[in-house]
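Trainee: Sharing a structure below in structure tokens format, with a few things to ask.
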Ligand SMILES: NC(=O)c1ccc[n+]([C@@H]2O[C@H](COP(=O)([O-])OP(=O)(O)OC[C@H]3O[C@@H](n4cnc5c(N)ncnc54)[C@H](O)[C@@H]3O)[C@@H](O)[C@H]2O)c1
Ligand SMILES: NC(=O)c1ccc[n+]([C@@H]2O[C@H](COP(=O)([O-])OP(=O)(O)OC[C@H]3O[C@@H](n4cnc5c(N)ncnc54)[C@H](O)[C@@H]3O)[C@@H](O)[C@H]2O)c1
């Protein structure tokens, strides 16, 4: 079982290695990676050791090879279809965010329950009525979904997505979703960021 | 030095204790808290021990007292003024999010550089031109800011905010900000959530 903090650092290694590869760097040491990421070189070696033997002592890591390994571990070595449910303020922001597309995550269907939104075109997708999730999602073969609906609607939307074959859900609604074991849910608590920042401010004021 | 994962769990304790207090619960054990939060009771006791002696062995925690303590630790026992810079897709979503107001974080000024946005009213605030940050922010006495501008503009906006007295910045732009030691920056990498989810999907496919 790999610790969650290690998994959360993998995307940072991916981004850093991608930048190094794009600027033609062939080899990088864990110390150099550490300086770029403000993470200790010991932590980097420990994280990567969970996944296999990379790099040679005294020489460092082969950048293209390590990049390919980390991409595979993160499952970004192929493109993935995303379903977005809810295009209110947050849904619109997420739909327009280029960062997902850059990593091969393409929003392939957008659903909402608001008649004034259904039929609009957002990032090239016509907004579809939420009651058709069960019919359309299985046809797409999508596996990942983002939920950006109000808390009261989130569980019902989840049930329809899971029935349609979705296996991984990123939930922004402030409610704990009940899903079968084979479905992974990432609960996003955006207030956590604000409160963590407030903690540091309160500490400095003491 | 308190570990970052502990700090990131405090907001979850705050929310849970708030719900318990609102439903009239007087005492709660670490086991009960653990069940509600899907965190082990050992972890809860360890986290809280960093901040002092709470609860009595065999009896549990006094909910209103612990709630007051955690609120103070997180600095939410008083309201705070927030500055938002950038009201594009993400900025608008953040401005409209009730979760911040509920914890006493009030958006007290909004800035943007786009002439078509300046002068609009968003959540009761007229959007102000970004070049006035240095003049207006010191008058407000605000200490926290959210940055939702493109990467190329983020450092310049940061410099103006820091000069204006801002001490804590939540940065959504994908660029590392350079700030003096007295300023705390929380870097938000929203792609991390997507990639962590993708990791679990890739693992299940093995
Ligand atoms: N705005 C933020 O920055 C932010 C931050 C953190 C969390 N959240 C959470 O994300 C969710 C969305 O927030 P928002 O600000 O975009 O809200 P919003 O009200 O602007 O948007 C919600 C959207 O969901 C749609 N919807 C409602 N019921 C639906 C259903 N059954 N099926 C499909 N679509 C449905 C609505 O029509 C609307 O378009 C909320 O749960 C909120 O608490 C928002
Ligand atoms: N949209 C998302 O879900 C998302 C997710 C993660 C990160 N981000 C990041 O957040 C930032 C904002 O994203 P967005 O989707 O809202 O982009 P956007 O282009 O819709 O909005 C950017 C806003 O910043 C304003 N701006 C530009 N230069 C400025 C300056 N010098 N001073 C003040 N305002 C200025 C623009 O006028 C615009 O209103 C970007 O850096 C993006 O990479 C966005």
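Chains as they are written, first to last, in my numbering: chain A, 1 to 206; chain B, 1001 to 1206. For each residue, glycine too, the CB sits at the ideal point set by N, CA and C.
#1: Can you give me, in chain order, the residues of the segment 158 to 175 of chain A that have a beta carbon less than 9 Å from any beta carbon in chain B?
#2: CA-CA distance, residue 1029/B and residue 56/A?
#3: Between residue 58/A and residue 31/A, what straight-line distance do the alpha-carbon atoms span, to the nearest angstrom?
#4: When you check each C-beta in the segment 73 to 103 of chain A against every C-beta of chain B, which residues fall closer than 9 Å?
#5: With a cut-off of 8 Å, does the C-beta of residue 45/A fall near any C-beta of chain B?
#6: Three Cβ pairs or more, each shorter than 8 Å: is that satisfied between the segment 84 to 102 of chain A and the segment 142 to 157 of chain A?
#7: Could you name the residues of chain B that residue 193/A contacts, counting a contact when the two beta carbons are closer than 8 Å?
#8: Residue 1127/B lies in the beta strand (DSSP E); which residues open and close that run?
#9: Helix, strand or coil: which one does DSSP assign to residue 100/A?
#10: Assuming residue 155/A contacts residue 177/A under a Cβ cut-off of 8 Å, what Cβ separation, rounded to an integer in Å, is found between them?
#11: Spell out whether any CB of chain A is found under 8 Å from the CB atom of residue 1129/B.
#12: Got a sec? Which residues, its chain only, sit under 7 Å from residue 34/A by beta carbon, not counting five neighbours each side?
#13: At the 8 Å Cβ level, is residue 135/A part of the contact set with chain B, yes or no?
#14: Thinking residue 1128/B and residue 1111/B are a contact (beta carbons under 8 Å), I'd like their distance in whole angstroms, please.
#15: Return the first residue and the last residue of the beta strand (DSSP E) that residue 186/A is part of.
#16: Which residue comes first and which comes last in the alpha helix (DSSP H) that contains residue 181/A?
#17: Nearest by alpha-carbon distance to residue 107/A: which of 132/A, 137/A, 115/A is it?
#18: Per DSSP, residue 1027/B is paired with what?
#19: Can you pull the chain B residues whose beta carbon is under 9 Å from the beta carbon of residue 26/A, in chain order?
#20: Measuring alpha carbon to alpha carbon, tell me which of 1143/B, 1160/B, 1153/B ends up nearest residue 1135/B.
#21: Quick check on the burial criterion: 16 or more other C-beta atoms within 10 angstroms. Buried or exposed for residue 121/A?
#22: Cβ of residue 1111/B less than 8 Å from any chain A Cβ?
#23: Check the Cβ of residue 204/A against every Cβ in chain B and list those closer than 8 Å, keeping chain order.
#24: Enumerate in chain order the residues of its own chain whose CB-to-CB distance from residue 1187/B is below 8 Å, with the five nearest sequence positions on each side excluded.
Mentor: Let me lay it out:
#1: Flagged, chain order: 167, 168, 169, 170, 174.
#2: 50 Å
#3: 11 Å
#4: Hits within the stretch, in order: 73, 74, 75, 76, 77, 80, 82, 88, 89, 90, 91, 92, 93, 94, 95, 96, 97, 99, 100, 102, 103.
#5: Judged by the 8 Å Cβ criterion, residue 45/A is not in contact with chain B.
#6: yes
#7: By Cβ distance, chain B contributes 1170, 1186, 1188.
#8: 1125 to 1129
#9: helix
#10: 6 Å
#11: no
#12: 40, 41, 44
#13: no
#14: 5 Å
#15: 184 to 187
#16: No alpha helix (DSSP H) holds residue 181/A; DSSP gives it neither H nor E.
#17: Ranking 132/A, 137/A, 115/A by Cα distance to residue 107/A puts 137/A first.
#18: 1062/B
#19: Within chain B, not a single residue places a beta-carbon under 9 Å from that of residue 26/A; the smallest gap is close to 24 Å.
#20: 1160/B
#21: exposed
#22: No, no contact with chain A.
#23: 1167, 1182, 1184
#24: 1171, 1176, 1177
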